[in-house]
Structure formats: structure tokens, C-alpha cells
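Participant: There's a structure below that I have some questions on.
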Amino acid sequence: MRTAERGLREFMEEKPLSVKIYEIEQPDVPLWAVWAIQQYVKEVGVEAGYKKYGKLVKDIVKYIEKGGHPNLRLDENGLLYSNGRDRAVTWMNSTANGRPVVPRSGYIVEFNALWYNALKFCAAMAAEQKDTKAVTHLEAMAAKVKDSFVETFVNEYGYLLDYVDGNMMDWSVRPNMIFAVALDYSPLSQDQMKSVVDICTRELLTPKGLRSLSPKSGGYNPIYVGPQTQRDYAYHQGTAWPWLGGFYMEACLKLYKRSRLSFIERQLVGYEDEMDYHALGTISELFDGNPPFHGRGAMSFAMNVAEILRTLKLIDKYSYQK
Numbered sequence: 003m004r005t006a007e008r009g010l011r012e013f014m015e016e017k018p019l020s021v022k023i024y025e026i027e028q029p030d031v032p033l034w035a036v037w038a039i040q041q042y043v044k045e046v047g048v049e050a051g052y053k054k055y056g057k058l059v060k061d062i063v064k065y066i067e068k069g070g071h072p073n074l075r076l077d078e079n080g081l082l083y084s085n086g087r088d089r090a091v092t093w094m095n096s097t098a099n100g101r102p103v104v105p106r107s108g109y110i111v112e113f114n115a116l117w118y119n120a121l122k123f124c125a126a127m128a129a130e131q132k133d134t135k136a137v138t139h140l141e142a143m144a145a146k147v148k149d150s151f152v153e154t155f156v157n158e159y160g161y162l163l164d165y166v167d168g169n170m171m172d173w174s175v176r177p178n179m180i181f182a183v184a185l186d187y188s189p190l191s192q193d194q195m196k197s198v199v200d201i202c203t204r205e206l207l208t209p210k211g212l213r214s215l216s217p218k219s220g221g222y223n224p225i226y227v228g229p230q231t232q233r234d235y236a237y238h239q240g241t242a243w244p245w246l247g248g249f250y251m252e253a254c255l256k257l258y259k260r261s262r263l264s265f266i267e268r269q270l271v272g273y274e275d276e277m278d279y280h281a282l283g284t285i286s287e288l289f290d291g292n293p294p295f296h297g298r299g300a301m302s303f304a305m306n307v308a309e310i311l312r313t314l315k316l317i318d319k320y321s322y323q324k
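Using the numbering used here, you'd call the opening residue of the sequence shown number 3 and step up by one each time.
Structure representation (C-alpha cells):
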């Protein structure tokens, strides 16, 4: 994180980068940096976490609020807007013929879930420092985001739109809505969170994580095989991703606590056969979205491994909670 901080600060200050951070210019990178620091704070405590990274969190939030990022605009309604029509700007970054296969643009659901979470986390750290002025400002911003998030993304079918860009609304059932439940601070009500988890369970859940697209949505393409172009079109159109499954399992435990422990443990059993399939003791990049859920892509993928390990820690945490 010290290396990342140097790169982030250089990027925010428009200085030449002295460190190599892949896709540092992407609009969600500073939002995920705040989330990563949030996880660190859970391990070391607020005081130690603030001492080390409190200023960075504050500076990232201020940078976004002031409109410093070239592709992250803070609108009057409190939501963040990114232009992804001609260039992939989210983790769904496959391209074909120079254009994104899944062109997600405008108000993107996980960007704004991360933004709400960042504001609330920053406010909590400011409260620890008894900075009442900062707390008041951050909480007011978060309240505006919460109202706009619900108004913009929650639809009458009980799930969240994937992105909204003016009159364009993407009604595809995708896993990106799970972040709005799994993150520590959610703009959704308890009933809304349960509805999102229920739909993810019914339409996206596999033994290898969440599908990138529901079989009921148009363009479902779950088998990652064939020439490069064919695979690019399938990459985020129905394939299953274990790292998304980690956030799904976190959302389940957050909502249902110990009553979902055995269910989560059974989910993790789905990875045991993977341990000696492509490479010993690790997890493939992605899986087919249909049975038998073959592992595809890179034979070892850090995000997947990390989320399974984090889920195991969450199981321990909830096992000892009363």
C-alpha cells in the first residue's frame, strides 16, 4: 500500500509516475484503494489505521469531490458519473475490435456503492479524530448519495440496474449489484439488500462463484472457449468468477449471520476439486457458467484466491459471534 500510495498521489497530482500500477487511470482504482485500507483498519484498529493511511483516504475523497479525476464526475445528485461508451472503464474490461464488449457508462452501480462506502468510512475515521466539521460534511454527502442511489438503481423487480446513463438503463441481471450489499456501509435498506441477495442466489450463483450475467438476460454466453475473439465475447457474459462469490458470501453472512454458515461452507466445498485440477493449491481465473463449470483462463488468479481466503476468515469471525 505504501507503493500504491506513492503512485496514487503522483496520479492525483498529475506528476510522472515513479511506480508501475496497472490501469491506475481507471476511475474505480481510488475507490478500491479506500476499500483496501478499510480492510487493513479492521486488522490493526482505527487509531493505527488512521495514523498510517487516514490522510490518504481523506485526500482521495477530496480529490474525487473536487473533480480531479479525468473520468469521474461528481454530479449534483451526489452520484459519480464515468464515461465508458468507447473504452472499458470497469472490471468488465474485455474488448473486441477496439471497443468494449460490455460498454458500461454513466452512473455505474458498484462505483457508486464504493463511493457511498468511502464517504461513510472517511466520516467514521474523522469521528475518531473528533473532527466534527468533516463528519458533518461527509455525512451530508453520504445522505445525498444514499437517496440518489436508491432512486437511480433500485427497480420494481427487486434488483439493481447495472448502470444508468441518461435515458439508457441496463436491466441486465449482473453481479455488480452485490457490492451494494457486501460493503460495510450500504445505501440500501435491509429489505432491499435481502432482495438483491435473493436474486443473485436464484440467477447468478454457481459452485464456482457468481455468473457475470444471468441466463435469463439477453446475450448470455457461459462457455469460455474458442478463438480469442469468441472468448472475449464470453468473458463477462455468463462466465462465473470466484472473487465475486467472495462478496456474495460476505453479503450473506452480513445479512443472516450464523444461520448461513453451513450454506457458505458448502459453497466453499465447490472449490476443493479445483485444488489439483489446473495447478496445485490455487484457483483458475474464471469458470464456465454452466455445468460442469470447467476452469478457464489463467491457472492461478490472485483475486479469486484472496477472496476465498477472506471468506474463510469471515467464517471464523461469524462462528464465534453470539
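Cβ atoms here follow ideal geometry from the backbone N, Cα and C, with glycine treated the same way. Predicted model, so just to flag it, every value in this text is computed and none were measured.
Can you list, in chain order, the residues of its chain whose CB lies under 7 Å from that of residue 80, leaving out five sequence neighbours each side?
Facilitator: Answer for residue 80: 143, 146, 147, 150, listed in chain order.
Participant: Restricting to Cα atoms, I'd like to know which of 127, 102, 11 is closest to residue 48.
Facilitator: Closest by alpha carbon: 127.
Participant: List, from N- to C-terminal side, the alpha helix (DSSP H) runs of 4 residues or more that fit wholly inside the region 43-120.
Facilitator: The qualifying runs are 48-67.
Participant: Using a Cβ-Cβ cutoff of less than 8 Å, which residues in the same chain neighbour residue 254 once the five nearest sequence positions on both sides are dropped?
Facilitator: If we look at residue 254 and ignore the five residues flanking it on each side, its Cβ neighbours are 199, 262, 265, 266.
Participant: Determine which residues share a DSSP beta bridge with residue 170 and list them.
Facilitator: For residue 170, which the question treats as bridged, DSSP gives the partners 167.
Participant: Residue 300 by DSSP, collapsed to three states: which one?
Facilitator: Residue state, collapsed to three classes: coil.
Participant: Would you list the residues sitting across from residue 281 in a DSSP beta bridge?
Facilitator: Paired residues: none, contrary to the question.
Participant: DSSP state of residue 211, grouped into three classes?
Facilitator: Strand, per DSSP.
Participant: Just checking my contact of residue 242 with residue 289 at CB under 8 Å: how many whole Å lie between their CB atoms?
Facilitator: Right, their Cβ atoms sit about 4 Å apart.
Participant: Which of helix, strand or coil does DSSP assign to residue 162?
Facilitator: DSSP places residue 162 in strand when its eight states are reduced to three.
Participant: Taking a contact to mean a Cβ-Cβ separation below 9 Å, would you say residue 74 touches residue 32 in this structure?
Facilitator: Result yes, Cβ atoms of residue 74 and residue 32 sit closer than 9 Å.
Participant: In this structure, does DSSP put residue 156 in helix, strand or coil?
Facilitator: Reduced to three states, the DSSP call for residue 156 is strand.
Participant: Among 250, 287, 9, 256, which has the Cα closest to the Cα of residue 21?
Facilitator: Measuring from the Cα of residue 21, the nearest candidate turns out to be 9.
Participant: Return the first residue and the last residue of the alpha helix (DSSP H) that residue 336 is part of.
Facilitator: Residue 336 lies beyond the range of the chain shown here (3 to 324); nothing can be said about it.
Participant: If the criterion is Cβ atoms closer than 9 Å, does the pair residue 244 and residue 210 meet it?
Facilitator: Cβ distance < 9 Å, so residue 244 and residue 210 count as in contact.
Participant: Under a Cβ-count criterion, where at least 16 other Cβ atoms within 10 Å of its own Cβ denotes burial, should residue 304 be classed as buried or exposed?
Facilitator: The residue in question, residue 304, is exposed, as its Cβ has fewer than 16 Cβ neighbours within 10 Å.
Participant: Could you compute how far the alpha carbon of residue 299 sits from the alpha carbon of residue 176?
Facilitator: C-alpha separation (whole angstroms): 20 Å.
Participant: If residue 119 and residue 224 are in contact, beta carbons under 8 Å, what's the gap, nearest whole angstrom?
Facilitator: At roughly 30 Å, the Cβ-Cβ gap does not stay under 8 Å, so residue 119 and residue 224 are not in contact.
Participant: Determine contact between the region 64-73 and the region 213-228, defined as no fewer than three beta-carbon pairs at a distance below 8 Å.
Facilitator: No, the region 64-73 is not in contact with the region 213-228.
Participant: Under 8 Å by Cβ, that's how I've got residue 103 and residue 97 pegged, so tell me the actual separation to the nearest angstrom.
Facilitator: The pair is a contact, with the Cβ atoms about 6 Å apart (cut-off 8 Å).
Participant: Which of the three DSSP states is assigned to residue 295 in this structure?
Facilitator: Correct three-state label for residue 295: coil.
Participant: Identify the residues that DSSP records as bridge partners of residue 289: which are they?
Facilitator: Answer is 242, 297, bridged to residue 289.
Participant: Thinking C-alpha only, which one of 41, 93, 17, 270 is nearest residue 25?
Facilitator: Of the listed residues, the one whose Cα sits closest to residue 25 is 93.
Participant: Are residue 163 and residue 169 closer than 9 Å when you measure CB to CB?
Facilitator: No, the pair does not count as a contact, with Cβ atoms beyond the cut-off.
Participant: What does the Cβ neighbour count give for residue 323, buried or exposed, with the cut at 16 atoms within 10 Å?
Facilitator: Residue 323 is exposed by the Cβ-count criterion.
Participant: When we look at the beta-carbon of residue 114 and count the other beta-carbons within 10 Å, is it buried (16 or more) or exposed?
Facilitator: Burial call: buried.
Participant: Contact criterion: CB-CB distance below 9 Å. Does residue 59 meet it with respect to chain C?
Facilitator: Looking for chain C here will not work: only one protein chain is present.
Participant: Would you report the Cα separation of residue 185 and residue 52, rounded to the nearest angstrom?
Facilitator: Using only the alpha carbons, I get a separation of about 19 Å.
Participant: Alpha carbons only, please: which of 227, 59, 89, 203 is nearest the one belonging to residue 41?
Facilitator: When only C-alpha atoms are compared, the closest one is 59.
Participant: Three-state secondary structure (DSSP) at residue 266?
Facilitator: Reduced to three states, the DSSP call for residue 266 is helix.
Participant: Rounded to whole angstroms, what's the CA-CA distance from residue 230 to residue 207? Just pull it up for me.
Facilitator: Computed Cα separation, rounded: 26 Å.
Participant: How many angstroms separate the CA atom of residue 180 from the CA atom of residue 77?
Facilitator: C-alpha separation (whole angstroms): 23 Å.
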